[in-house]
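What follows is a short report on a single structure.
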Amino acid sequence: MPLDVVLRGIFSALFVASVIRISTPLILPALGGLISDLAGVINISLEGIMLAGAFAGVVVSAYTHNVWMGVLAGMGAGMLISLVLAYFHLYLKTDIILAGIAINILCTGGTIFLLYILTGDKGNSSTLASGAVPNVEIPFIKDIPVLGTIVSGHNVLTYSAFILTWLVAVLLYRTSFGVHLRAVGENPEAAASVGIDVRRTRLLALLISGFMASLGGLDLSMAYLTLFQREMTAGRGFIALAAVFLGGRTPAGTLIAAVVFGFADALSNQLGSLKIPPQWVQMIPYVATVIALVGYNVRRRAQVAERARRFQEKHLAEMAAAQAGTD
Amino acid sequence: MKKFLNSPFMREFGRIVVAVGAALLLGFIVTLFVSEDPVGAYRAFLLGPLTRLNRFGDWIEESLTLIFVGLAIAIVFKAEVFSLGAEGQLLLGALVSGSVALFVPLPGYLRIPLALLAAALAGFAWGLIPGYLKAYLDANEIVSTLMLNAIALKIYDYMLTYHIKPPNAGYTASATFSADGSLPTFFPPIPGLDAVREQWMSQTNITIALYLVLFAVLAVYYMMYRTPFGYELRLIGANLKFARYGGIDTKRAIVLTMAISGILAGLAGAHLSMGIHTKIIINISLGLGFEGIVVSLLARNNPLGVPFAGLAYGYLRAGADIMERSSDVSREMVLVIQAVIILLVTAERILPMMRRRVSARRAAQVEAEATPAAAE
Numbered sequence: 003m004p005l006d007v008v009l010r011g012i013f014s015a016l017f018v019a020s021v022i023r024i025s026t027p028l029i030l031p032a033l034g035g036l037i038s039d040l041a042g043v044i045n046i047s048l049e050g051i052m053l054a055g056a057f058a059g060v061v062v063s064a065y066t067h068n069v070w071m072g073v074l075a076g077m078g079a080g081m082l083i084s085l086v087l088a089y090f091h092l093y094l095k096t097d098i099i100l101a102g103i104a105i106n107i108l109c110t111g112g113t114i115f116l117l118y119i120l121t122g123d124k125g126n127s128s129t130l131a132s133g134a135v136p137n138v139e140i141p142f143i144k145d146i147p148v149l150g151t152i153v154s155g156h157n158v159l160t161y162s163a164f165i166l167t168w169l170v171a172v173l174l175y176r177t178s179f180g181v182h183l184r185a186v187g188e189n190p191e192a193a194a195s196v197g198i199d200v201r202r203t204r205l206l207a208l209l210i211s212g213f214m215a216s217l218g219g220l221d222l223s224m225a226y227l228t229l230f231q232r233e234m235t236a237g238r239g240f241i242a243l244a245a246v247f248l249g250g251r252t253p254a255g256t257l258i259a260a261v262v263f264g265f266a267d268a269l270s271n272q273l274g275s276l277k278i279p280p281q282w283v284q285m286i287p288y289v290a291t292v293i294a295l296v297g298y299n300v301r302r303r304a305q306v307a308e309r310a311r312r313f314q315e316k317h318l319a320e321m322a323a324a325q326a327g328t329d
Numbered sequence: 045m046k047k048f049l050n051s052p053f054m055r056e057f058g059r060i061v062v063a064v065g066a067a068l069l070l071g072f073i074v075t076l077f078v079s080e081d082p083v084g085a086y087r088a089f090l091l092g093p094l095t096r097l098n099r100f101g102d103w104i105e106e107s108l109t110l111i112f113v114g115l116a117i118a119i120v121f122k123a124e125v126f127s128l129g130a131e132g133q134l135l136l137g138a139l140v141s142g143s144v145a146l147f148v149p150l151p152g153y154l155r156i157p158l159a160l161l162a163a164a165l166a167g168f169a170w171g172l173i174p175g176y177l178k179a180y181l182d183a184n185e186i187v188s189t190l191m192l193n194a195i196a197l198k199i200y201d202y203m204l205t206y207h208i209k210p211p212n213a214g215y216t217a218s219a220t221f222s223a224d225g226s227l228p229t230f231f232p233p234i235p236g237l238d239a240v241r242e243q244w245m246s247q248t249n250i251t252i253a254l255y256l257v258l259f260a261v262l263a264v265y266y267m268m269y270r271t272p273f274g275y276e277l278r279l280i281g282a283n284l285k286f287a288r289y290g291g292i293d294t295k296r297a298i299v300l301t302m303a304i305s306g307i308l309a310g311l312a313g314a315h316l317s318m319g320i321h322t323k324i325i326i327n328i329s330l331g332l333g334f335e336g337i338v339v340s341l342l343a344r345n346n347p348l349g350v351p352f353a354g355l356a357y358g359y360l361r362a363g364a365d366i367m368e369r370s371s372d373v374s375r376e377m378v379l380v381i382q383a384v385i386i387l388l389v390t391a392e393r394i395l396p397m398m399r400r401r402v403s404a405r406r407a408a409q410v411e412a413e414a415t416p417a418a419a420e
């Protein structure tokens, strides 16, 4: 009987819609993590940047009574923080991981500190009348029974997450900047030798990364919830980073991986009625990420070996042919 | 004397003092803006831990955890392995040692060592996994350790909620450990000092973890600088390829480095559960694994420096707690200070840049003095 309830719960349109909603604040920072990772600068400060974005959005929207000012401020805060990260890493030669850790600590502490000054409360911003980004009802589609529930009625940031996935793919694979960015990540010396400005490319990658992460933070504080809570990202920045690797470092893969994490989270809520501890379900994506990480490397190593073998065979064949020619 | 002042040690030390000083100054400027009584708040922050015996005790207890974690980080960072797994190892250490302390029916003199051993083993195992994945399967240690942290946290929450928590308890925590499962006080029962001992025992909770930490510092130092394995570890940190060409089994060394680092993080967990809280609680560590990184950085990954860095950083944390209780400034300011310290200490270019400016100014001065002389 309970299994029945769970299954019916999972296969309902509402459940799919909730997976999409839960996945949004993972997809957006994951895209940011993807871009910086492909540029060769692993950004572990996604978590902190999300917090900064979430906080700035709530505060500015509350004081200006304008949602969009809040969104702009959130984006600005996220990009400012990633600019600090980029400055320390690229210009002052701080190690990117240590700088990222510092940024996370700064944002965790800084947001609570400022929250306390502004509201006198260290838990959340419920005393501030902050705004929420609007939901979009798609005409016609919203009236189709199942599809309407799944596709329509999400907030603006959810739709932008999917559009941005496509835009990131275009940016990475269809523009010269994307080619430069991937070249810099693959081999910075080689990229520099053909005249690509490694530092500038990485600076831009980190800025875009901060922009995406701040959108994820804004989704948390102005859509998913409509207030700021201390440490409200709850590790989502790190999950986003994991999604990059689980998704094989491609935009589509990252999107799918982020949705898998969202699915596991939504599922663990549903399983409460089955008396399966939620922790086990929540653990699955992390284990999957470790496996994917290993699988990716093993596959890559096999590819390199295969390529080397083919090259050698071709070379041998050419040698033989040349030999035959001279004879 | 001048030579000593210019030695690399003094330069490093000076750099850290400058970084900490600048961060504290920044903290004071922030306090000026937000507090009604900035001087009082900052005095509580900077002098608070020394004002009462119980506050002094809090400082030392806090520092002991930080020193354990700092040592764990120093080992891996020395080998240039960016393992961030201390958090997960610490959680499992706390869980395992706490379980032994609660459920193994042995007298204290056996139960406590067993619990410590179990914590060390749990940390070792939880370091072995990412070590193996990195060395033999090429998995990025940052991502794998972050994932293992999350997995450890889920295991911890699951075990605590479903198996360790007393069934009728309204809060998510274990029963309090008995004396046979808690670390005893550090103060030995010396005849004639009973009154002093009584005072320390009632007001502070400093345990034999103090001696354990001292031993751990020396052991890690010995391992790093006086054993072949330590040499391999440092060589790998200095130049991985060179170490490999030199015939070192770098894979084995990396696995061992991460696992041994786990032992210390596991012991930090044991100190949290059996020393500080004497029970297993939810959220036992909020980012302590990352705070250990600050400690190790301040010590420049040198095990002998870690206790000083741990005490200094523990002092800031304890001071921040007191400031929050006695003024209108919240303790999170110490996190901001901490972040600034990390950035300033690790920014390779800041000090050379300052020195270049100074020498440029000196050169300009010399030139300015020389020019009129030449004109005469």
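Sequences listed follow chains G and Y, in order.
First residue of the first sequence: 3, per our numbering; consecutive thereafter.
First residue of the second sequence: 45, per our numbering; consecutive thereafter.
Glycine residues also receive a C-beta, built at the ideal position from the N, C-alpha and C atoms.
Asked	Found
Complete runs of the alpha helix (DSSP H) confined to the region 177–215 of chain Y [at least 4 residues]	185–203
Minimum Cβ-Cβ distance from S272 (chain G) to chain Y less than 9 angstroms	At residue 272 (chain G) the sequence reads Gln, which differs from the Ser that was named. For Q272 (chain G), the answer is no, since every Cβ of chain Y falls outside 9 angstroms of its Cβ.
Simplified DSSP assignment, three categories, for I73 (chain Y)	helix
Distance between I44 (chain G) and L159 (chain G) (C-alpha atoms, nearest Å)	24 angstroms
Sequence-distant residues of its chain with Cβ nearer than 7 angstroms to E185 (chain Y) (five each side left out)	V125, F126, S127, P174 and K178
Within chain G, the residues that N184 (chain Y) reaches when beta carbons sit closer than 9 angstroms	I44, F247, L295 and N299
Beta carbon proximity, V125 (chain Y) to chain G, threshold 9 angstroms	no
Alpha helix (DSSP H) segments (min. 4 residues) lying fully within the region 143–184 of chain G	147–153 and 158–176
Min CB distance T301 (chain Y) to chain G below 9 angstroms	no
Other residues of its chain near I258 (chain G): CB distance less than 8 angstroms, five sequence neighbours each side excluded	G249
Listed by chain order, chain Y residues near D267 (chain G) by CB distance under 8 angstroms	Those within 8 angstroms of D267 (chain G) in chain Y number zero; the least Cβ separation is about 12 angstroms.
Closest by C-alpha distance to E233 (chain G), when choosing among Y:G291, Y:E376, Y:I386 and Y:I199	Y:E376
Residue-chain proximity (M3 (chain G), chain Y), Cβ-Cβ < 9 angstroms	Any reading at M3 (chain G) must be qualified, since the residue scores a pLDDT of 47, below 50, and its modelled position is unreliable; the value itself is stated next. No, M3 (chain G) lies away from the interface with chain Y (no Cβ there is under 9 angstroms from its Cβ).
Run of the alpha helix (DSSP H) containing V21 (chain G), from where it starts to where it stops	A15 to L40
Cα-Cα separation between L181 (chain Y) and L36 (chain G), rounded to whole angstroms	22 angstroms
Counted within 10 angstroms of its Cβ, other Cβ atoms place R361 (chain Y) as buried (16 or more) or exposed	buried
Coil, strand or helix - A225 (chain G) by DSSP	helix
Counted within 10 angstroms of its Cβ, other Cβ atoms place E420 (chain Y) as buried (16 or more) or exposed	For E420 (chain Y), the pLDDT reaches just 42, beneath the cut-off of 50, and the residue's location in the model is therefore unreliable, leaving the point undetermined.
Proximity test, Cβ basis, 9 angstroms: A104 (chain G) and chain Y	yes
Sufficient close CB pairs (3 or more, under 8 angstroms) joining the region 92–108 of chain G to the region 381–388 of chain Y	yes
Neighbour-count burial assignment, L136 (chain Y), 16 or more Cβ in a 10 Å radius	buried
Beta-carbon gap between V339 (chain Y) and Y357 (chain Y) smaller than 9 angstroms	yes
Residues in the region 227–251 of chain G having any Cβ partner in chain Y nearer than 7 angstroms	G237, F240, L243, A244 and F247
Bridge partners - Q281 (chain G), DSSP secondary structure assignment	Answer is none; Q281 (chain G) lacks a bridge partner.
Chain G contact for L379 (chain Y) (CB, 9 angstroms cutoff)	yes
is_contact[M191 (chain Y), chain G] using C-beta, thresh 9 angstroms	yes
A118 (chain Y) versus Y:N249, Y:F230 and Y:L341, residue with shortest Cα-Cα distance	Y:L341
Reference L139 (chain Y), options Y:A166, Y:S188 and Y:Y289, closest by Cα	Y:A166
Cβ pair count under 8 angstroms reaching 3, the region 189–206 of chain G against the region 13–24 of chain G	no
Option nearest V113 (chain Y) by Cα separation, candidates Y:A213, Y:V264 and Y:F231	Y:V264
9 angstroms Cβ cutoff met for I326 (chain Y) and A217 (chain Y)	yes
Proximity of G333 (chain Y) and A309 (chain Y) at Cβ, strictly below 9 angstroms	yes
Which listed residue (G:I114, G:S14 and G:A326) has its alpha carbon closest to that of P147 (chain G)	G:S14
Buried or exposed by the 16-neighbour rule on C-beta atoms within 10 Å, applied to N106 (chain G)	buried
Sequence-distant residues of the same chain with beta carbon closer than 6 angstroms to M71 (chain G), five excluded per side	V62
9 angstroms Cβ cutoff, P279 (chain G) in contact with chain Y	yes
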